[in-house]
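Down below is the structure, laid out as structure tokens.
There are 2 protein chains.
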Amino acid sequence: MESSYPQPLVMVDIALFTIRDKRLSLILTRRKEPPFEGLLALPGGFVHVQEDADTEAAARRVIRGKIGFDAPYLEQLFTFSGVARDPRGWSVSVVYYALVPWALLERNASVELCPVEALPSLPFDHQQIVAKAMERLRGKATYSSLPAFLLPGEFTMNDLHGIYQQTIGARLDKASFRHKILEQDIIEEIPRRFRTGAHRPAQLYRLSSKALTAFERKI
Amino acid sequence: MESSYPQPLVMVDIALFTIRDKRLSLILTRRKEPPFEGLLALPGGFVHVQEDADTEAAARRVIRGKIGFDAPYLEQLFTFSGVARDPRGWSVSVVYYALVPWALLERNASVELCPVEALPSLPFDHQQIVAKAMERLRGKATYSSLPAFLLPGEFTMNDLHGIYQQTIGARLDKASFRHKILEQDIIEEIPRRFRTGAHRPAQLYRLSSKALTAFERKI
DNA sequence: CAGACTTAATTGTTTTTTGCAAATAACTAT
DNA sequence: ATAGTTATTTGCAAAAAACAATTAAGTCTG
Chain A
659 MESSYPQPLV MVDIALFTIR DKRLSLILTR RKEPPFEGLL ALPGGFVHVQ
709 EDADTEAAAR RVIRGKIGFD APYLEQLFTF SGVARDPRGW SVSVVYYALV
759 PWALLERNAS VELCPVEALP SLPFDHQQIV AKAMERLRGK ATYSSLPAFL
809 LPGEFTMNDL HGIYQQTIGA RLDKASFRHK ILEQDIIEEI PRRFRTGAHR
859 PAQLYRLSSK ALTAFERKI
Chain B
659 MESSYPQPLV MVDIALFTIR DKRLSLILTR RKEPPFEGLL ALPGGFVHVQ
709 EDADTEAAAR RVIRGKIGFD APYLEQLFTF SGVARDPRGW SVSVVYYALV
759 PWALLERNAS VELCPVEALP SLPFDHQQIV AKAMERLRGK ATYSSLPAFL
809 LPGEFTMNDL HGIYQQTIGA RLDKASFRHK ILEQDIIEEI PRRFRTGAHR
859 PAQLYRLSSK ALTAFERKI
């Protein structure tokens, strides 16, 4: 039977993004075991065929282990494979990327955060993985509600505008951005809720039910 | 050591598209072994850690086994996993999709072709896989040169226009389409080459070197 | 061999989208 | 009250896209 052939090791790795101080950042783990013991790397682990229904469940397990709760946005990114990527042997890593608002992480003292423009050199093929994840993030930012998942439940149009500029890496016209976003129905005004501060109060928005169900269907 | 845990079975499956008689079609295989012996299914196989450098190499091996040569376009689609998708046990399938011009397949008598609107019910989770592949194809058609890989080396603007409409599933204005495509530099005129027939001859085009190198870099 | 026919390709016009600049609105701090 | 600052809207110009019609280039038919 074919399945008696030697099989690759199967693991999941997570590119877990957040935005702190307006900087897109990754949550990393300091490895507690060989190989690469002591180095910072993407959180990950082996798939446990006894407890994980599929690799997405494995990814959620890893994320919960790292930050204590589920990420609001989770999507499969790409599968990396080969004999050379891990010194333990031929391996397959199903990589997911996840977005978490910084507000949810703040109390969590243990997380190691690193802005994407200042990453250390990462073990395995994690450098490549990060590059691919950024590419996807940038790509989706131009036509989906994805970057909104980096924000907490309530946010202003300016917050959203900034996040989009961050992830796309370019300047966007405010008026056009506002227009296009509202037209897509991915966010909605929270009636009578404003962020008040030094100046004119800003209308608060939240993700619309349309955006949330689109995410459930992984669009 | 972690790697002594029970590991999932690792395989690759291929969604191999072509266009025959203006209909987007899939190349299927009649299974020669259990499970689902005798049924039509996507071509696939286990990853051979001795001979495959990575899952993409495994995918190429499967494709060569099926059609006798490499597909002009090949890209990783998605990884499907779980305990229920294959009766042999917890498995991971890294799925690739590939595009092949019908002209290259014509002489190959053994291939079983099936238009995507008239697929039989497929075993495993292959129905889902096909749905995902179509979605990706549709998505990419709107902004890339991808559908052009379904055509032979020389094609007319009308051929291309038809293919795009096929994969997107909507009508596209001829003048606008022409304009946008030419502006992107993904195809180029073949000087002095025309398809002659019953009426006005049509200029022949080919993929530009820009489109070909973009594919090499998997854009 | 003229003209009808058919498909290819271009051109012009209207409509929609986008980018830019300025104006208006709503607050706080002095 | 008013200057200062950020939020939001408005208006207009430029660009892109959709639509409609015209011109081009051949074959086929009587």
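Protein chains in written order, with the working numbering: chain A, 659 to 877; chain B, 659 to 877. Think of the CB as a built atom: it goes at the ideal place given N, C-alpha and C, for glycine as much as any other residue.
Delimiting residues of the beta strand (DSSP E) encompassing T687(A) | Position 29 of the first sequence, counted from the first residue, corresponds to residue 687(A). Looking at the DSSP string, the run of the beta strand (DSSP E) that includes T687(A) is R681 to R688.
Starting from I677(B) and walking both ways along the beta strand (DSSP E), at which residues does that stretch end?
-> On the second sequence, position 19 is the one that residue 677(B) refers to. First-last of the beta strand (DSSP E) with I677(B): L667 to R678.
Sort E793(B), P666(B) and V769(B) by Cα distance to L684(B) and report the nearest one.
-> Sequence index remark: in the second sequence, residue 684(B) carries index 26 (1-based). Taking only the C-alpha atoms, the option nearest L684(B) is V769(B).
Quick one: which residues of the stretch 704–723 of chain A get their C-beta closer than 9 Å to a C-beta of chain B? List them in chain order.
-> Under the 9 Å Cβ criterion, the stretch 704–723 of chain A contributes F704, V705, H706, V707, Q708, D710, A711, D712, T713, E714, A715 and A716.
Could you tell me the distance, in whole angstroms, from the CA atom of R746(B) to the CA atom of M669(B)?
-> For the purposes of this step, residue 746(B) is taken as the residue at position 88 of the second sequence. For the purposes of this step, residue 669(B) is taken as the residue at position 11 of the second sequence. In this structure, the CA atom of R746(B) is about 12 Å from the CA atom of M669(B).
Comparing the C-beta of F694(B) with each C-beta of chain A, is any distance below 8 Å?
-> Taking the first residue of the second sequence as position 1, residue 694(B) is located at position 36. For F694(B), the answer is no, since every Cβ of chain A falls outside 8 Å of its Cβ.
Within 8 Å (strictly less), CB to CB, does P859(A) reach chain B?
-> Within the first sequence, the letter at position 201 stands for residue 859(A). So, not an interface residue.
Would you say S661(B) reaches chain A, if we count a Cβ-Cβ gap shorter than 8 Å as a contact?
-> Here residue 661(B) refers to the residue found at position 3 of the second sequence. Low confidence applies here, because S661(B) scores a pLDDT of 44, under 50, leaving its location unreliable and the question unanswered by this model.
Are the C-beta of P730(A) and some C-beta of chain B separated by less than 8 Å?
-> Taking the first sequence and counting its residues from 1, one reaches residue 730(A) at position 72. Answer no: the Cβ-Cβ gap between P730(A) and chain B never drops below 8 Å.
Answer with yes or no whether the minimum CB distance from P666(B) to chain A is below 8 Å.
-> As a position in the second sequence, residue 666(B) is number 8, starting the count at 1. So yes, P666(B) belongs to the interface.
Grab the span of the beta strand (DSSP E) containing S739(B) for me, first residue to last.
-> As a position in the second sequence, residue 739(B) is number 81, starting the count at 1. Unbroken beta strand (DSSP E) run through S739(B): Y731 to G740.
May I ask whether a heavy atom of the ligand HEM can be found less than 7 Å away from the beta carbon of V752(A)?
-> The ligand HEM is not among the ligands present in this structure, which contains no ligands whatsoever.
Chain B within 8 Å of F873(A), Cβ atoms only = Residue 873(A) sits at position 215 when you count from the first residue of the first sequence. Not an interface residue.
Look at the alpha carbon of E812(B) and the alpha carbon of I821(B), and state the distance between them as a whole number of angstroms.
-> Taking the second sequence and counting its residues from 1, the one referred to as residue 812(B) is at position 154. Taking the second sequence and counting its residues from 1, the one referred to as residue 821(B) is at position 163. Computed Cα separation, rounded: 14 Å.
When you compare only the Cα positions, how much space is there between R864(B) and K690(A)?
-> Residue mapping note: residue 864(B) aligns to position 206 of the second sequence, counting from 1. Residue mapping note: residue 690(A) aligns to position 32 of the first sequence, counting from 1. Approximately 54 Å, taken between the alpha carbons.
Please decide whether W748(B) counts as near chain A, where near means a Cβ-Cβ distance under 8 Å.
-> Residue 748(B) sits at position 90 when you count from the first residue of the second sequence. Answer yes: the Cβ-Cβ gap between W748(B) and chain A drops below 8 Å somewhere.
Within this structure, are the beta carbons of I725(A) and L763(A) separated by less than 8 Å?
-> Against the first sequence, residue 725(A) aligns to sequence position 67. Against the first sequence, residue 763(A) aligns to sequence position 105. In this structure, L763(A) lies closer than 8 Å to I725(A) by Cβ.
Chain A contact residues for T737(B), given Cβ-Cβ distances below 9 Å | As a first step, residue 737(B) is located in the second sequence; it is residue number 79 there, counting from the start. What T737(B) touches in chain A, judged by beta-carbon distance under 9 Å, is T713, Q734, F736, T737, V750 and V752, going in chain order.
Residues near L809(B) by beta carbon distance below 8 Å, same chain, minus five either side = What you label residue 809(B) is simply residue 151 of the second sequence in a count that begins at 1. I677, P759, D817, L818 and I821, listed in sequence order.
Under three-state DSSP, which class holds V753(B)?
-> By one-based count along the second sequence, residue 753(B) stands at place 95. V753(B): strand per DSSP, three-state reduction.
To which residues does DSSP link F694(B) through a beta bridge?
-> In the second sequence, residue 694(B) corresponds to position 36, counting from 1. Answer is none; F694(B) lacks a bridge partner.
Spatial neighbours of A716(B) within its chain, please: CB distance less than 6 Å, with the 5 preceding and 5 following residues excluded, ordered by chain position.
-> Along the second sequence, read from residue 1 onward, the residue named residue 716(B) stands at position 58. Excluding residues within five positions, the ones whose Cβ falls inside 6 Å are V670, V705 and D710.
Q861(A) vs T825(A) beta-carbon contact at 8 Å = Residue mapping note: residue 861(A) aligns to position 203 of the first sequence, counting from 1. Residue mapping note: residue 825(A) aligns to position 167 of the first sequence, counting from 1. Result no, Cβ atoms of Q861(A) and T825(A) do not sit closer than 8 Å.
Given that G740(A) touches chain B, what residues does it touch there, using C-beta distances under 7 Å?
-> For the purposes of this step, residue 740(A) is taken as residue 82 along the first sequence, with counting starting at 1. Within 7 Å Cβ-Cβ: A711 and D712.
For Y663(B), is the classification buried or exposed, using 16 other Cβ atoms within 10 angstroms of its Cβ as the cut-off for buried?
-> One-based indexing of the second sequence puts residue 663(B) at position 5. Exposed: under 16 other Cβ atoms inside 10 Å.
Cβ neighbours of D843(A) in the same chain (closer than 7 Å, five flanking residues each side left out) | For the purposes of this step, residue 843(A) is identified with residue 185 of the first sequence, where counting begins at 1. Hits under 7 Å: S866 and K868.
Alpha-carbon to alpha-carbon, E846(B) and V707(B) = Taking the second sequence and counting its residues from 1, one reaches residue 707(B) at position 49. Taking the second sequence and counting its residues from 1, one reaches residue 846(B) at position 188. Cα to Cα, the separation comes out at about 41 Å.
Alpha carbon of A742(B) to alpha carbon of W748(B), nearest angstrom | Counting from one through the second sequence, the residue named residue 742(B) turns up at place 84. Counting from one through the second sequence, the residue named residue 748(B) turns up at place 90. Going from the Cα of A742(B) to the Cα of W748(B) covers about 7 Å.
With a Cβ-Cβ cutoff of 8 Å, do Y731(B) and F873(B) count as a contact?
-> Sequence index remark: in the second sequence, residue 731(B) carries index 73 (1-based). Sequence index remark: in the second sequence, residue 873(B) carries index 215 (1-based). Closer than 8 Å, so yes.
In terms of alpha-carbon separation, which member of D712(B), R688(B), E695(B) and F694(B) lies closest to P701(B)?
-> The residue labelled residue 701(B) in the question sits at position 43 within the second sequence. It is R688(B).
Assigned secondary structure, P652(A) (DSSP; H/G/I helix, E/B strand, else coil) = Nothing can be reported for residue 652(A): it is not among the residues displayed for chain A, which extend from 659 to 877.
For T814(B), the three-state DSSP class (helix, strand or coil) | Residue mapping note: residue 814(B) aligns to position 156 of the second sequence, counting from 1. Note: T814(B) maps to strand in three-state DSSP.
Helix, strand or coil for G827(A) per DSSP?
-> Residue mapping note: residue 827(A) aligns to position 169 of the first sequence, counting from 1. Coil at G827(A), not helix or strand.
Can you say whether A799(A) is buried or exposed, counting buried as having 16 or more other CB atoms within 10 angstroms of its CB?
-> The residue labelled residue 799(A) in the question sits at position 141 within the first sequence. Classification of A799(A): buried, given that the 10 Å Cβ count is 16 or more.
Could you check the C-alpha separation between K790(B) and L735(B) for me, to the nearest Å?
-> Against the second sequence, residue 790(B) aligns to sequence position 132. Against the second sequence, residue 735(B) aligns to sequence position 77. K790(B) and L735(B): Cα-Cα distance of roughly 8 Å.
Report the residue from F738(B), H857(B) and D744(B) whose alpha carbon sits nearest the alpha carbon of F694(B).
-> In the second sequence, the residue the question calls residue 694(B) occupies position 36. Residue D744(B) is the option with its Cα nearest to F694(B).
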